[in-house]
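What follows is a set of notes on a single structure, which appears directly below.
Numbering (the UniProt record's numbering), first residue to last: 1 to 512.
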């Protein structure tokens, strides 16, 4: 049975520690000489126990130079794989007596003098229990022979010789556990990951780093294995989704086309984008280009494409980040606090504009309505780039040649010319359309031009933009009339000679 030892804390005046060896019945097998016993497979619960305490045990080896296998074996033996009452209820894996940060639990125990009650330390978790045990061994002169020892047999013997336990088979039991479950596989000093953060970045492989190794975890950390090189990823943009820091440097986790690749040293990549360079903004944006795409990262590539932005049309989108790349500003957008992705600034508007849903060429003439109170605009009112050009009343005595029609919401807008020059846009409510081709009706008759001063027009509208020309040569000739139209209560006819169209003329200037 383990001896009752008195061990002082680092700070004077604190109560003495007494570590009691908890005897646990384990089938650890026997040894023959120095030969290793046959290894046993771990049960799922045993593996789970090791997985949980392994990081703290590895820290003890890395920082305190106490072999990981030694800590694991002692924890297994003294807590019965974490199933003892003390380990389950108080997170005390090693039966260390006293208080931990003022907390303890009173339990019955067997000492040399017989049954008694003692206070045992209560830990927040097994992690603190492992750390406290490591400190007990590595900071006590009794056990210095175990510190830095790379042979687990010698380390265990040093711990026993220091008075940790008196049972003659203590070392052999622990050696059997280590060898049965291959615990010395963990006696490797791995680099500790100082921090690991999720990030958003884009990088390319440096020209002299094509043969850089890709790892399943940052190099020389637990479970790190070689998975390939960067040779297959040159001249391509790689997504960086994580970064981790170890004593050997900074490491990036790379992906391509939504597939994980692995970890590489940061020196192997040149970053063209990193979230740390984002500018914080607080503004509202609206969709302009319905065909624009949203990207997970500010780069117009298929691997980052989240589809078109059309479904967010006419919605107020919050922009919280901004970055300029390759001459374009990008905004990171959210809807209802949910990030939807990055969109180029030239695909967005700063305010909600009306959208032109239809636009076609148009053939017609109009006059300004007497009730018109609006203006002439450079584009339909409240659409992007619409600016006031002039009061519509400036044109109330002229005939407007309508050349384009656009639909905005439920309103039609017309682009018009005066004397062949484009002026601007007017709303349908502010004009009276006096002519469209639908006003023309077919007829068949023959007539003479009776007015030698009459003018021919290419449309049945008396306007300079209707391309006027004199009757001239055709005066007095017998001509064919094939169409008629009534415009503003005035009758017009279309004449031709044989199959040659001459134009429109007022009906008062011909004689049947």
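Virtual Cβ for every residue (Gly too), placed ideally from N, Cα, C. Given the structure is predicted, the values throughout are model-derived calculations rather than measurements.
Own chain partners of residue i with C-beta closer than 8 Å, once the 5 adjacent residues on each side are dropped
{"i": "residue 269", "result": "203, 204, 205, 206, 209, 238, 240, 252, 254"}
{"i": "residue 418", "result": "395, 398, 400, 401, 465"}
{"i": "residue 599", "result": "Residue coverage of the chain in this structure runs from 1 to 512, which leaves residue 599 outside it and unanswerable."}
{"i": "residue 246", "result": "191, 192, 193, 194, 218, 219, 220, 221"}
{"i": "residue 262", "result": "214, 215, 216, 227, 228, 253, 254"}
{"i": "residue 277", "result": "323"}
{"i": "residue 458", "result": "466, 467, 503, 504"}
{"i": "residue 223", "result": "216, 217"}
Which of helix, strand or coil DSSP assigns to residue i
{"i": "residue 170", "result": "helix"}
{"i": "residue 467", "result": "coil"}
{"i": "residue 286", "result": "strand"}
{"i": "residue 253", "result": "strand"}
{"i": "residue 161", "result": "helix"}
{"i": "residue 314", "result": "coil"}
{"i": "residue 472", "result": "helix"}
{"i": "residue 97", "result": "strand"}
{"i": "residue 435", "result": "strand"}
{"i": "residue 24", "result": "Its pLDDT being 39, under 50, residue 24 is placed unreliably by the model, and the measurement read from it follows with that caveat. It is coil, neither helix nor strand."}
{"i": "residue 147", "result": "coil"}
{"i": "residue 152", "result": "helix"}
{"i": "residue 280", "result": "strand"}
{"i": "residue 175", "result": "helix"}
Span of the beta strand (DSSP E), counted from its first residue to its last, around residue i
{"i": "residue 183", "result": "It is not in any beta strand (DSSP E) - residue 183 carries neither H nor E in the DSSP assignment."}
{"i": "residue 320", "result": "317-325"}
{"i": "residue 334", "result": "328-335"}
{"i": "residue 390", "result": "388-391"}
{"i": "residue 243", "result": "238-246"}
{"i": "residue 449", "result": "441-449"}
{"i": "residue 216", "result": "Neither: residue 216 is in no beta strand (DSSP E) and is coded neither H nor E."}
{"i": "residue 260", "result": "259-265"}
{"i": "residue 200", "result": "195-205"}
{"i": "residue 307", "result": "305-308"}
{"i": "residue 344", "result": "338-344"}
{"i": "residue 295", "result": "293-295"}
Beta-bridge pairing of residue i - partner residues as DSSP gives them
{"i": "residue 493", "result": "484, 505"}
{"i": "residue 136", "result": "Its beta-bridge partners do not exist; DSSP assigns none."}
{"i": "residue 399", "result": "367"}
{"i": "residue 358", "result": "407"}
{"i": "residue 210", "result": "In DSSP, residue 210 forms no bridge with anything."}
{"i": "residue 130", "result": "None; residue 130 has no bridge partner."}
{"i": "residue 427", "result": "413"}
{"i": "residue 229", "result": "213"}
{"i": "residue 121", "result": "104"}
{"i": "residue 109", "result": "116"}
{"i": "residue 511", "result": "448"}
{"i": "residue 375", "result": "391"}
{"i": "residue 422", "result": "417"}
{"i": "residue 457", "result": "504"}
{"i": "residue 479", "result": "447"}
{"i": "residue 349", "result": "286"}
Unbroken alpha helix (DSSP H) run spanning residue i, endpoints
{"i": "residue 89", "result": "85-90"}
{"i": "residue 77", "result": "68-79"}
{"i": "residue 272", "result": "Taken as a continuous stretch (DSSP letters only), residue 272 belongs to no alpha helix (DSSP H), being part of the beta strand (DSSP E) at 269-274."}
{"i": "residue 61", "result": "44-64"}
Cβ-heavy atom distance, residue i to the ligand GDP, below 8 Å
{"i": "residue 503", "result": "Within the structure as shown, the ligand GDP is missing, as the structure has no ligands at all."}
6 Å Cβ shell around residue i - same chain, five flanking residues per side excluded
{"i": "residue 68", "result": "57, 58, 61, 186, 187"}
{"i": "residue 234", "result": "205, 210"}
{"i": "residue 71", "result": "57, 60"}
{"i": "residue 256", "result": "238"}
{"i": "residue 359", "result": "406"}
{"i": "residue 310", "result": "290"}
{"i": "residue 414", "result": "402, 405, 426"}
{"i": "residue 272", "result": "202"}
{"i": "residue 454", "result": "471, 505, 509"}
Residues near residue i in its chain [Cβ-Cβ closer than 7 Å; skip 5 each side]
{"i": "residue 373", "result": "none"}
{"i": "residue 288", "result": "347, 348, 349, 384"}
{"i": "residue 34", "result": "Bear in mind that a pLDDT of 42 at residue 34, under 50, signals an unreliable position, so the model cannot answer this."}
{"i": "residue 250", "result": "243, 266"}
{"i": "residue 411", "result": "427, 428"}
Below-9 Å beta-carbon distance, residue i vs any chain C residue
{"i": "residue 153", "result": "The structure shown contains no chain C; it holds only a single protein chain."}
Do the segment 176-184 and the segment 69-89 meet, that is, are 3 or more Cβ pairs less than 8 Å apart? Touching, yes.
Below 8 Å, can you find three or more Cβ-Cβ pairs linking the segment 154-161 to the segment 85-103? Touching, no.
Report yes or no: do three or more beta-carbon pairs, one from the segment 425-437 and one from the segment 445-454, lie closer than 8 Å? Touching, no, given that fewer than three Cβ pairs across the two stretches are closer than 8 Å.
For the structure I just gave you, are there three or more beta carbon pairs, one from the segment 223-230 and one from the segment 323-332, closer than 8 Å? Per the Cβ contact rule, the segment 223-230 is not in contact with the segment 323-332 (fewer than 3 Cβ pairs under 8 Å).
May I ask you to verify whether the segment 291-306 touches the segment 362-369, counting CB pairs closer than 8 Å and requiring at least 3? Contact fails: fewer than three Cβ-Cβ distances are below 8 Å.
Counting Cβ pairs closer than 8 Å, one from the segment 421-430 and one from the segment 467-478, do we hit at least three? Cβ pair count under 8 Å is below three, so no.
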